[in-house]
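Its first residue numbered 1, the sequence shown is counted upward by one per residue in the UniProt record's numbering. Yeah, the Cβ is synthetic: ideal placement off N, Cα and C, and Gly gets one too. All of these numbers come straight from a predicted model, not from anything done at the bench. Written out below as structure tokens is the structure these notes cover.
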Amino acid sequence: MPVRRQPRPTAGVTSHLWPSGGRHLWPSGEVSAVQSHARGHLVYAASGVLAVHTERGTSIVPANRVAWTPAGFTHYHRAHGDTDMRIVFVAPSLARLIPERPVVFLASNLAREVLLALTGPRNYDDDAPAYSRSARLRLLRVLVDDLREAHEQPLHLPEPRDDRLQAIARMLHENPADNAPLAELGKTIGASTRTLSRLFRKELGMTFYEWRTQLRIHHALVLLADGHDTTQTAYACGWANPSGFIAAFTDIIGTTPGRYRTGRQTTIPARLKSAISDVG
1 MPVRRQPRPT
11 AGVTSHLWPS
21 GGRHLWPSGE
31 VSAVQSHARG
41 HLVYAASGVL
51 AVHTERGTSI
61 VPANRVAWTP
71 AGFTHYHRAH
81 GDTDMRIVFV
91 APSLARLIPE
101 RPVVFLASNL
111 AREVLLALTG
121 PRNYDDDAPA
131 YSRSARLRLL
141 RVLVDDLREA
151 HEQPLHLPEP
161 RDDRLQAIAR
171 MLHENPADNA
181 PLAELGKTIG
191 ASTRTLSRLF
201 RKELGMTFYE
211 WRTQLRIHHA
221 LVLLADGHDT
231 TQTAYACGWA
241 NPSGFIAAFT
251 DIIGTTPGRY
261 RTGRQTTIPA
271 RLKSAISDVG
């Protein structure tokens, strides 16, 4: 979901930073500075919803997903809902095992717990036993191996380069509930359906209707994070009825909007937490 203004400094953020990662507690609506890093990094929202914007498009990161931004990509983040953002930098030797493009992965129980361990109090609290360098490296290798086996998720919304597609994208970002067919949108900007369909497949690798569904799911995640209920969100994002929205949301996100909104994600087994806390 594009931000229509320049990102502002993160005045309301509480941060803990260290060379291999960090934790940022952001109030809803907070936007980071535009930046790039010499190392690729993984970001995870332990609570709230995080949007990662790059020149390639926007990735939405709810609590059961992990976003990867390769080294050198200019990007910024925005929090939707009060967000607990975790970031882990990945050394080039391990980054080569991850795609060389921004991507979103499904976060397994294992990946989630390792991410929390790598960004938890043992990394910044003097009263907590610190991980050794070798222990951190072992955990990071486990994380990368797990993500290599994970399915890439359709939560990265590519942004078009063609002026005609950009015009359509602007209209739908401003009004995701617009149900106009592609032919009607094409008349508005002076382009044929055939031309626009070809451009969507060539530039974005998907059909117009697939792209619009992705855009709507992005908006839905933001609205749910801001406290809107399932029915309000369904109509605001263009679904004719809540049941159609619930089906589409569940198919892409893996849980219903109601369960997602109340934060009832998959529980991490206590034995897995215990095993990871004993590393190092």
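Given that a residue counts as buried once 16 or more other Cβ atoms are within 10 Å of its Cβ, and exposed if not, what is residue i?
i	result
Arg-96	exposed
Asp-84	buried
Val-134	The sequence shown places Ser at residue 134, not Val. Exposed, by the Cβ-count rule.
Tyr-260	buried
Val-34	exposed
Tyr-209	exposed
Ala-38	exposed
His-24	buried
His-151	exposed
Tyr-44	buried
Ser-20	buried
Gly-205	exposed
Thr-74	exposed
Ala-107	buried
Pro-257	buried
Thr-230	buried
Gln-232	exposed
Pro-102	buried
Thr-188	exposed
Tell me the residue span of the beta strand (DSSP E) that contains residue i.
i	result
Tyr-44	40-54
Val-88	75-90
residue 281	With the chain represented from 1 up to 280, any question about residue 281 goes unanswered, as that position is not in the structure.
Trp-18	14-18
Assuming residue i contacts residue j (C-beta within less than 8 angstroms), just tell me the rounded distance between them.
i	j	result
Val-90	Leu-42	7 angstroms
residue 281	Leu-147	Lying before the first or after the last residue shown, residue 281 is absent from the chain, which here runs from 1 to 280.
Ala-63	Ser-47	7 angstroms
residue 321	Leu-199	Here the chain has residues from 1 to 280 only, and residue 321 is not among them.
Ala-177	Cys-237	6 angstroms
Glu-203	Arg-161	6 angstroms
Leu-115	Val-88	6 angstroms
Within its chain, find whatever has a CB closer than 8 angstroms to the CB of residue i; leave out the 5 residues flanking it on each side and keep chain order.
i	result
Thr-58	Met-1, Pro-2, Ala-51, Val-52, His-156, Leu-157, Glu-159 and His-218
Asp-226	Ser-28, His-80 and Gly-81
Thr-10	Reliability of the predicted coordinates at Thr-10 is poor, the pLDDT of 46 falling under 50, and the value obtained from them is presented with this limitation in mind. Result list for Thr-10: His-24, Trp-26, Glu-30, Val-31, Ser-32 and Ala-33, in chain order.
Thr-262	none
Ser-197	Leu-182, Thr-207 and Phe-208
Pro-99	Trp-68, Pro-70 and Glu-152
Trp-239	Arg-216, Phe-245 and Ala-248
Taking the DSSP output, what are the residues bridged to residue i?
i	result
His-24	Ser-15 and Met-85
Leu-106	Arg-65
Ser-59	Val-52 and His-156
Gln-214	DSSP lists no partner for Gln-214.
Gln-166	Answer is none; Gln-166 lacks a bridge partner.
Gln-35	His-75
Determine the extent of the alpha helix (DSSP H) in which residue i is found, giving its start and end residues.
i	result
Met-206	Note, Met-206: premise wrong, no alpha helix (DSSP H); not H, not E.
Leu-196	193-199
Glu-184	182-189
Thr-233	230-236
Gly-244	242-253
Ala-135	133-149
Gly-258	257-261
Leaving out five residues on either side along the sequence, give the residues of the same chain with a beta carbon under 7 angstroms from the beta carbon of residue i.
i	result
Ile-60	Val-49, Ala-51, Leu-155, His-218 and Leu-221
Pro-129	Arg-122
Trp-211	Phe-200 and Leu-204
Ser-192	Gly-186
Whose C-beta lies closer than 6 angstroms to the C-beta of residue i among residues of the same chain, with five residues either side of it excluded?
i	result
Leu-137	none
Thr-14	Leu-25
Asp-125	none
Arg-170	none
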